[in-house]
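Trainee: Sequence order for the protein chains is A and B.
If you read the first sequence in our numbering, its first letter stands for residue 45, the second for the next number, and so on.
If you read the second sequence in our numbering, its first letter stands for residue 5, the second for the next number, and so on.
Ideal Cβ positions, reconstructed from N, Cα and C, are used throughout, including at glycine.
Right, I'll just put the structure down here and ask away after.
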Amino acid sequence: MKVTLNWLKQYVDFDWSPEELTERLTLLGLEVEGVTHLKGDFEGVVVAQVITRDKHPNADKLSVCRVADGKGERQIVCGAQNFQAGDKVPLILPGASLPPKPGDKEPFTIKVGKIRGVESHGMMCSPTELGLPDVVDGLLILPADAKVGQPLAEHLGRSGSDVVYDLEITPNRPDLNSLIGIAREIAALTGNPLRIPGNTLEFPSSGTAPVAVRVEAADLCPRYTAQVLRGVKVGPSPDWLRSALEKVGLRSINNVVDVSNYVMLETGQPLHTFDLHLIAKSAADAGVPTLVIRRAIEGEAFTTLDGKTHQLKSDTLLIADTEKGIALAGVMGGQNTEIRDTTTDVLIESAYFTPTHVRRTSKSLGLRTDASYRYERGADPEASAAAGRRCAELILATAGGRVDGPLVDVRPAALEVKTVTLRHDRSSALLGIEIPVADQTGMLVRLGLSVDAEGSNETSTRFRIPSWRVDLKREADLVEEVARLYGVDRIPSTTPRRASGSHPFDAMYDQLAEIRRVVAALGLNEAQGQTLISDESARWITPEPVLLANPLSSDMNALRPSLLPGLIDSLSNNLTRRNGDVQLFEVGRVFTKSGDTVREGWRLAFAMTGARNPQFWSGADRDATCDLSDLKGVVEEVIEFLGLRGVVVTRRTEVTPLWVESATLSLGGKLPLGQMGQMQPVLAKKRELRDTVLLAELDLDVLLARRNSAKSFKPLPQFPSVRRDVAMIVPESVTHDAVLGVVRQLKPANLESIEPFDLFRGRHVPAGQKSLAYALTYRAADRTLREEDVSPVHSKLVAGFQQTLAAVMRE
Amino acid sequence: MSLLEQIDSVKQAAVAELQAAGDLPALERAKGAFLGASGRFTALMKELGSLTKEERPAAGKAINAAKGEIEAILVGRREELELKAALPSEPADFTLPGRRRRVGRLHPLTQVTDDIVRAFRKLGFAVADGPEIEDEYHCFDALNTPADHPARDAQDTFFVQGAGRPLLRTHTSSVQIRVMEKMPPPIRIIVPGRVYRRDNADATHNPTFHQIEGLYVDRNVTVGDLKGTVEAVFQELLGSDVKLRFRPHYFSYTEPSLEIDFTNSLVKKLGKDWLEIAGCGMVHPKVFETVGYDPEVWSGWAFGFGIERIAMLRYGITDIRLFYENDTRFLKQF
């Protein structure tokens, strides 16, 4: 909503600077989104009155005058002869500029200076100096009724300087979509009276109505008023009207249409004007033009003012005559009855349509207008008649004509006046500050509420709510009004109270934070992926992803069932920008279907590609790229950090759309924990990923539920250990776990650990076989082991490898 | 030449040879030549036998003294030569970059969230959580947002396929309802989480973004409490020079509703007086009635703000999409 400073001042007095007004409106809840200063004509020129005129002591042709400028008196030296004391003249003040004279480029700026030894504080002006066409020898003498101190532009009806404010009106306050509504707020804040332009014309209250109105859909149109004017002369708008509309961004069309827009801005009530002669007359209604407010017929075609034709649905409210639709109620008028240059008789519509209906129509037709905006937020049903009359009056003033007949007002019933009771101590308690009862009441009364004495006592007041305040429904709403007018900035802040909250998620939050820190310390950067991904990538994970009913695009039409598609996207983002070595992780929520319900769960996922180590300038493995073991190392660190034992990794024998080589992780082979592996290179390549891509995902809900954070101290070893190495050639099918299986079965005495230290294929190793080397550490807790303690045990183990794994020992 | 004179001359020779040894093997050879089993001092010792009983002690003493002297020189010389041997053949270039290990960083949104949560926890708030797939009741109805309210525009909300019109929560405020339904007052929670709006991604919009919500319900909670807590948190987050301004606004689930603007040197640098940062207000009595709290007994406040916005302000990030692209050159900056 745009308003101007000067326009607002028509309804309420205030002496704030333009900047102060910005601040005051903002703190009232009317956020100022933009301020534009408009330069006016005759800037710095005011109406002044000559008080005395004396001869200049040093110059015959000059006079020295005392002049009133509305704020005080000034001494002016003047060379003109055509005036006398008491005359009203234009006075330009020091600092202001006169338009450049013909032939000059620069405007002429007035300064305080001495003319022949006498100071002059400004200059009285001739019409030529002001650039006015009048030809006068000397000063422009203004009429005697000119108001001293008034800007000349205002006196001449020219546009003066002004300030345009662009305000954000919150949806709960439709009443603020009007100049009067905003002025009312200022009036309430300052205590100055609100001036609502009254009707000066006599409107006939009875007589034959020149139109008939039949409301057939009262549920959508609780009130409809129509006023007829005859003998109107359509033409350009006067300057004041055109300028008022243009400043707030509306285009001037003609005097009749402009007035209806002006009154809408002034009162907030949308108005529409029809050419009366284009409305069909109906014999059934005594031969007068008849308006029928009805629902459209399904598929009914209607052409709006903007020339577009719409196929209406049967739930659209239409203003029609007996033959055709003539306006989309509350949204836009029809081309067939619009005001034209030849229009002489005008019908003014001022009505109340239900907000939900107007919103639906406006939306389904994609038509948003100033009228629909106001209706859909809620107009004031009590304002219809007054706004219609105000519109009529201004049309008569700008376009001539006369009123014909009474205002036709169709409404089933007047609205009941709502009341809300405010317990004054309640507002004090909620705001945290004592505000005297009389002050609270005063604020609310200034906003247009009135006291219902019957329901009031010393501690509480029952207020009648004015019809335009659709937002005031209960006590809390009145408390807010008190807070606004008192000023939230004046409510002192209190020190936060110490108390503890609790929630089951609180501990979970810490655990997630802990995991993030551990994984970051392992060298991976934390990512945050999109929750919404393509169903195509979601199907890599599950055949049945959770889909959106109204997606914006096919790239984002599914909820992520896993963090992996998002991480793959992030890898691609890096690689397409030639940022090659990426190691990421994410902790986030995923969405999976289980039957008819959707489960939301926490996951931890990793993605790595490219160089294993940061770039370096020497060393054998400086060009090493990440492989499965890098990924597994990170996964193992996390599992160890969480204290989980018995995690089993099972290789998947099949190739899937996402994985070329992968394994599942589970607890004891039963409870699934996640999966890890290498991404399909073909799929990876499509996303610019040329190096091996390694991915893993763990179910954090399960992991954290099984977390074992109990820690206990184990004494450091007191006695030396004995190390024995085993090197053997085994078939490819023998896994590390199979080797451990032999150890688990034989349980060699005093074996502390068994660690692989070499895996080798190729030279001296037959095809289909591999060479494995293990370091075995034996240690007793209570003595130093001797050769004869270890050898038999170790030999038995080696024999076990030979028998169970078909291993051939290497020397 | 008397034996004593010989001792002295051998000593002189030993000192000279030790000093002349250029490396450790040469030094060890010199040591052998004088102190070894067939060395010259051993030979001198053997000659002691040819001396008289009276002469012998003095000569023995002289030999031992000379040997002691030489051994001391040997130790010193050995250290010198060891040091020389340890000297690197080429000088180290300390200006070359070191061998770095990979250290990951936490996402900037995580860091900002953690900071906000820390500030609230100091004031006794607990972190709470709720589902991201919500129903219309918890996201709108229970928050006093009627069915025809513009905020419920289906254009702005993502709906999920399935029975009961499930939707992606448009704000974390739905968790207020979830928590109050389950827990009796007093309540003191903070809710960080993802929310969704049906906006196409651009520099200031992403369909997914993060909010953080605070809710405090107790007896005699006032607007003054709300202001005090918000000020404490923002001073912690944005520095003690931050100034806040509360101006009336409209949210369906609070009454009065306020928007919070802040200013500090950063805002001035951006050429602005104030920047909008959060919305807040006193919990609407209707919301209390909906969850079964008596609004005559309990009052409270809620407030919420966007985490991306705080992160963008704090780090000077101008495009929200950067948060979700995860370019490591971006992530490593925080």
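Would T114/B pass as an interface residue toward chain A - the criterion being a Cβ-Cβ separation below 9 Å?
Mentor: Yes, contact with chain A.
Trainee: Within 9 Å (strictly less), CB to CB, does R251/B reach chain A?
Mentor: R251/B counts as touching chain A.
Trainee: Between the Cα of K407/A and those of V375/A, R805/A, V336/A and R110/A, spot the shortest distance and give me the residue it belongs to.
Mentor: With distances taken between Cα atoms, K407/A lies closest to V375/A.
Trainee: Grouping DSSP H, G and I as helix and E and B as strand, with all else coil, what is T653/A?
Mentor: Strand at T653/A.
Trainee: What does I191/B reach in chain A if we use C-beta pairs closer than 8 Å?
Mentor: Simply G545.
Trainee: To which residues of the same chain is L628/A closer than 8 Å at the C-beta, ignoring the five residues directly before and after it?
Mentor: If we look at L628/A and ignore the five residues flanking it on each side, its Cβ neighbours are L568, N569, E570, A571, L611, S614, L615, F650, A651 and M652.
Trainee: With three or more beta-carbon pairs closer than 8 Å as the criterion, would you say the region 40 to 49 of chain B touches the region 837 to 850 of chain A?
Mentor: No, they do not touch.
Trainee: Per DSSP, what kind of secondary structure is L309/A in: helix, strand or coil?
Mentor: Of the three classes helix, strand and coil, the one that applies to L309/A here is helix, per DSSP.
Trainee: From D265/B, G134/B and E235/B, pick the residue whose C-alpha is nearest to that of P536/A; which is it?
Mentor: The option with the nearest alpha carbon to P536/A is E235/B.
Trainee: I want to verify the contact list: residues of chain A whose CB lies under 9 Å from the CB of Q165/B, in sequence order.
Mentor: Simply V590, L591, L592 and A593.
Trainee: Identify the contact partners of D229/B in chain E, using a Cβ-Cβ distance below 7 Å as the criterion.
Mentor: Of the protein chains in the structure, A and B, none is chain E.
Trainee: Secondary structure at I439/A, three-state DSSP: helix, strand or coil?
Mentor: Helix.
Trainee: Tell me whether the beta-carbon of Y822/A lies closer than 9 Å to the beta-carbon of L829/A.
Mentor: A contact, by the Cβ cut-off of 9 Å.
Trainee: Nearest-angstrom Cα distance between S494/A and L72/A?
Mentor: So the two alpha carbons sit approximately 21 Å from each other.
Trainee: Give me the residue from V454/A, E681/A, D667/A and R643/A with the minimum Cα distance to A565/A.
Mentor: With distances taken between Cα atoms, A565/A lies closest to E681/A.
Trainee: Using a cut-off of 9 Å between C-beta atoms, extract the partners of S303/B located in chain A.
Mentor: A473 and L474, listed in chain order.
Trainee: With three or more beta-carbon pairs closer than 8 Å as the criterion, would you say the region 170 to 178 of chain B touches the region 194 to 214 of chain B?
Mentor: The answer is yes - the region 194 to 214 of chain B touches the region 170 to 178 of chain B, with three or more Cβ pairs under 8 Å.
Trainee: Under 9 Å, Cβ to Cβ, is there at least one residue of chain A near A236/B?
Mentor: With 9 Å as the cut-off, A236/B counts as an interface residue toward chain A.
Trainee: Hey, could you find the ends of the beta strand (DSSP E) R258/A is sitting in?
Mentor: Per DSSP, R258/A belongs to the beta strand (DSSP E) from A256 to V259.
Trainee: Measure from the alpha carbon of D298/B to the alpha carbon of each residue in A70/B, K57/B and P188/B, then state which is nearest.
Mentor: Checking every option, the nearest Cα to that of D298/B belongs to P188/B.
Trainee: I'd like to know whether the C-beta atoms of L223/A and L349/A end up nearer to each other than 9 Å.
Mentor: No, the Cβ-Cβ distance between L223/A and L349/A is not below 9 Å.
Trainee: If you follow the alpha helix (DSSP H) that S472/A is in, where does it begin and where does it stop?
Mentor: Start and end: H468 to L475.
Trainee: For the region 255 to 295 of chain B, which segments carrying the alpha helix (DSSP H) assignment without a break, of at least 4 residues, lie completely within its bounds, in sequence order?
Mentor: Taking only runs of at least 4 residues, the alpha helix (DSSP H) segments lying wholly in the region 255 to 295 of chain B are 269 to 273 and 289 to 295.
Trainee: What first and last residue would you give for the alpha helix (DSSP H) that runs through E240/B?
Mentor: Looking at the DSSP string, the run of the alpha helix (DSSP H) that includes E240/B is V227 to L242.
Trainee: Which residues, in order along the region 557 to 590 of chain A, keep a beta-carbon less than 8 Å from a beta-carbon of chain B?
Mentor: Those residues of the region 557 to 590 of chain A that come within reach of chain B (Cβ to Cβ, closer than 8 Å) are A557, R560, R561, V563, A564, A565, L566, G567, L568, N569, E570, A571, Q572, G573, Q574, T575, L576 and V590.
Trainee: Could you spell out the range, first to last residue, of the beta strand (DSSP E) harbouring P252/B?
Mentor: Segment K247 to H253, the beta strand (DSSP E) holding P252/B.
Trainee: Candidates T267/B, P260/B, R249/B and E280/B: which alpha carbon is nearest R68/A's?
Mentor: Answer by Cα proximity: R249/B.
Trainee: Could you list which residues in chain B have their beta carbon closer than 7 Å to that of G844/A, in chain order?
Mentor: Per Cβ cutoff of 7 Å: no residues; G844/A is ~40 Å from chain B at best.
Trainee: From N216/A to Q337/B, what distance separates their C-alpha atoms?
Mentor: Roughly 43 Å separates the two Cα atoms.
Trainee: For V121/A, is the classification buried or exposed, using 16 other Cβ atoms within 10 angstroms of its Cβ as the cut-off for buried?
Mentor: Classification for V121/A: buried.
Trainee: Since A819/A is in the alpha helix (DSSP H), which residue starts that stretch and which ends it?
Mentor: Per DSSP, A819/A belongs to no alpha helix (DSSP H); it is in the beta strand (DSSP E), Q813 to Y822.
Trainee: In the DSSP assignment, find the beta strand (DSSP E) that holds W703/A and state where it starts and stops.
Mentor: Its beta strand (DSSP E) spans residues W703 to L711.
Trainee: For L52/B, name the three-state secondary structure that DSSP assigns.
Mentor: L52/B falls in the helix class under three-state DSSP.
Trainee: Using a Cβ-Cβ cut-off of less than 7 Å, give me the residues of the region 134 to 150 of chain B that come near chain A, in sequence order.
Mentor: Answer in chain order: P135, E136 and I137.
Trainee: Looking at C-beta atoms only, is the number of pairs between the region 190 to 207 of chain A and the region 88 to 99 of chain A that lie closer than 8 Å three or more?
Mentor: As far as the Cβ criterion goes, the region 190 to 207 of chain A touches the region 88 to 99 of chain A, which means the pair count is three or higher.
Trainee: Would you mind giving the Cβ-Cβ distance between L142/A and F152/A, rounded to the nearest angstrom? I have them listed as a contact below 8 Å.
Mentor: L142/A to F152/A, Cβ: 5 Å. Contact.
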